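Note that our numbering has the sequence shown beginning at 3, numbered continuously upward. Beta carbons are placed, not taken as given, at the ideal position from N, Cα and C, and that holds for glycine. Being a predicted model, the structure only gives us computed values, none of them experimental.
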Amino acid sequence: MTHQPIHSHPIPLTGEAAAAMDQLTIKKHDVAIVLLHWFNASVWLLELLTGLALIIGPAYRIMPLWYSHMVASALGSRGNMLHFHVAVGLTWIVVFCVYGIFGYRNYLHHEVLINEVGLDKDDFKWLRIKLLQILNRTKEELPGQGSYNAGQKMYALLVYAALPVIAVTGLIMAFHLISTAVVGWAMLLHFVAVGMVVSGLMVHAYMGAVFPEERPAFFSMITGRVNELYAYKHHFKWWRETKIAERRWEEEYSSNTPAAPKRD
Numbered sequence: 003m004t005h006q007p008i009h010s011h012p013i014p015l016t017g018e019a020a021a022a023m024d025q026l027t028i029k030k031h032d033v034a035i036v037l038l039h040w041f042n043a044s045v046w047l048l049e050l051l052t053g054l055a056l057i058i059g060p061a062y063r064i065m066p067l068w069y070s071h072m073v074a075s076a077l078g079s080r081g082n083m084l085h086f087h088v089a090v091g092l093t094w095i096v097v098f099c100v101y102g103i104f105g106y107r108n109y110l111h112h113e114v115l116i117n118e119v120g121l122d123k124d125d126f127k128w129l130r131i132k133l134l135q136i137l138n139r140t141k142e143e144l145p146g147q148g149s150y151n152a153g154q155k156m157y158a159l160l161v162y163a164a165l166p167v168i169a170v171t172g173l174i175m176a177f178h179l180i181s182t183a184v185v186g187w188a189m190l191l192h193f194v195a196v197g198m199v200v201s202g203l204m205v206h207a208y209m210g211a212v213f214p215e216e217r218p219a220f221f222s223m224i225t226g227r228v229n230e231l232y233a234y235k236h237h238f239k240w241w242r243e244t245k246i247a248e249r250r251w252e253e254e255y256s257s258n259t260p261a262a263p264k265r266d
C-alpha cells in the first residue's frame, strides 16, 4: 500500500485535495470530555444567573433590582435562590473532584495537562507573532499548533488557576468558615476570579459559536470530531501527529494480518 507523504509543514492545497479533506473527520474529544464541557457550561450559566441576582448592595450591584426579584420569584424566595446557588456549586465541586481522581490517567493527564495547557516553543512563538499581527507589525505566518492553539491554552491556564479559588472561596462564603474577615476576603476573591473567567468566557463563546473560522471547534464539543481541512489549517501540528499515528496503525495492522491464500 502506498501513501502520500506527510509533510513537516503545511503546503498549499489544491481545490480537489481541500474538498476531499473537508469530507473527512478526525476525533478530537472523548465522550467524557464533551459531557464534562456541557456540564460545566450548564453549571456556569445557572451560577451566573443566580449569583448576579444575589448581589443587591447599592454600591456593587451589577444587575437591576427587577432582575433579582424575578430570579428570586422563579425559585420561590431569595433564600431558595441562595440555597440553589450553593447546591449547584457543591455539585460542580464534587463532579470535578471525581473527574480529577478517576479520570486522571485516561483524560486529565493527556487531554488537559499535555494538550490543553502544555505550552511549548511553538506556542510562545504563536503568541509573539499573533500580537504583532494584531498590531499590524508583521506578516510572518503563525507556526503550526497542537489540538489547542496558544490563545486557547492561555485561557485554559486562567480557568484552571481560577477554579480552585472559586471553589474554596465559595465554600468559605457558603458555610461562613474561619472568621467574618476571612469571609469578606473570600467574597472579594470569589468575585475577582469569576469576573476573570467570565471575561474570557465571552471571547471563548464568541470565537466558538459566532466566528466562522472557529465554528468547527464549537461543533467538535457536540460530535467530538472536526473535519480534516479545519485541523490542517488551524492545528497542523496536531493534524500531522494524528496522521502519523494513523499511518503507523495501518502499517502494524497490515503486517499482522495474514495474507489471503492463493487460489489455484
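{"Check": "Ala22 versus Glu253: straight-line alpha-carbon distance, rounded", "Outcome": "22 Å"}
{"Check": "Leu92 versus Ser257, Glu49, Ser256, Met223, residue with shortest Cα-Cα distance", "Outcome": "Glu49"}
{"Check": "For Arg227, three-class secondary structure by DSSP", "Outcome": "strand"}
{"Check": "Exposed unless 16 or more other CB atoms sit within 10 angstroms - verdict on Phe238", "Outcome": "buried"}
{"Check": "Nearest-angstrom Cα separation, counted from Ile58 out to Met72", "Outcome": "13 Å"}
{"Check": "Nearest-angstrom Cα separation, counted from Gly172 out to Arg217", "Outcome": "33 Å"}
{"Check": "Among His87, Asn138, Val185, the one whose alpha carbon lies nearest that of Ser44", "Outcome": "His87"}
{"Check": "Under 8 Å between C-beta atoms of Ala152 and Leu121", "Outcome": "yes"}
{"Check": "Cα-Cα separation between Tyr62 and Gly197, rounded to whole angstroms", "Outcome": "13 Å"}
{"Check": "Whole-angstrom distance between Gly81 and Val90, CA atom to CA atom", "Outcome": "14 Å"}
{"Check": "Range covered by the beta strand (DSSP E) that runs through Lys123", "Outcome": "Counting along the chain, Lys123 falls outside any beta strand (DSSP E), though it belongs to the alpha helix (DSSP H) covering 123-136."}
{"Check": "Exposed unless 16 or more other CB atoms sit within 10 angstroms - verdict on Leu115", "Outcome": "exposed"}
{"Check": "Residue range of the unbroken alpha helix (DSSP H) whose run includes Ile103", "Outcome": "80-104"}
{"Check": "Buried versus exposed, by CB contacts within 10 Å (16 or more), Leu26", "Outcome": "exposed"}
{"Check": "Nearest neighbour of Leu159, chosen from Lys123, Leu38, Cys99, Glu118 [CA to CA]", "Outcome": "Glu118"}
{"Check": "Same chain, Cβ closer than 8 Å to Leu67, neighbours up to 5 away in sequence not counted", "Outcome": "Ile58"}
{"Check": "Contact check, Ser70 vs Ala55, beta carbons under 8 Å", "Outcome": "yes"}
{"Check": "Nearest-angstrom Cα separation, counted from Met156 out to His31", "Outcome": "19 Å"}
{"Check": "Segments of 4+ residues assigned as alpha helix (DSSP H) that fall wholly inside the stretch 155-225", "Outcome": "182-211, 217-225"}
{"Check": "Status (buried if at least 16 other CB within 10 Å, exposed otherwise) for Arg242", "Outcome": "buried"}
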